[in-house]
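Quick note on numbering: the sequence shown equals residues 1 to 104 in UniProt numbering. A quick write-up on the structure given underneath.
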Amino acid sequence: MDQRILSSIIPYPKVRSLMLEILTMATATLTSKGQITIPVQVRSALGLETGDRVEFVEMEEGRFSIIAASKTVQDLKGLIRKPAEAVSIDDMNRAIAARGAKAG
C-alpha cells in the first residue's frame, strides 16, 4: 500500500509500520544478473511449478502484477479495472501514440 495513503488513513507511525508489515506478502532480492527467486508462498498462490513462465503486467506507473503465464483469459477476468468514465477511441489512439513515442 502506498505510504502516503496509509499515512492519511492511519496517523500513528507505529501502527502504520505494523500495517505495512502485515500488508507485505513477500519480498525477493534482485541478483547481479537481474534474477529473483519467487518466494514459496507466491509460487504456491499462483500454482507455479519448475519451468512455468510468469508475466509482469504494469498496472500503473511503478506498479506491476505477477501472473502465471499458464492462466486462461477467464482467469484474468477482473485484473484490469474498468475506467471510471468511458474513453473514446480517439483518446485511446492518442494515449497509445504518446506511450509509443515515449518508449522510443
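C-beta atoms are modelled at their ideal positions from N, C-alpha and C, and glycine is treated no differently.
Practice item. Please name the residue, chosen from 53, 27, 90, that lies closest to residue 70 on a Cα-to-Cα basis. Key: Your numbering for residue 70 matches position 70 in the sequence shown. Among 53, 27, 90, the Cα nearest to that of residue 70 belongs to 53.
Review point. When DSSP labels each residue in this structure, what does residue 32 get in the three-state scheme?
Key: The count along the sequence shown starts at 1 and reaches residue 32 at position 32. Coil, per DSSP.
Practice item. Starting from the N-terminal side, write out each stretch of the alpha helix (DSSP H) that is 4 residues or longer and does not extend beyond the stretch 40 to 95. Key: 40 to 46
Practice item. Out of 62, 76, 66, 39, point me to the one whose CA is closest to residue 55's CA. Key: By 1-based counting over the sequence shown, the position of residue 55 is 55. Checking every option, the nearest Cα to that of residue 55 belongs to 66.
Check your understanding: So, are the CB atoms of residue 68 and residue 47 less than 8 Å apart?
Key -> Here residue 68 refers to the residue found at position 68 when the sequence shown is read from its first residue. Here residue 47 refers to the residue found at position 47 when the sequence shown is read from its first residue. For residue 68 and residue 47, yes; Cβs fall inside 8 Å.
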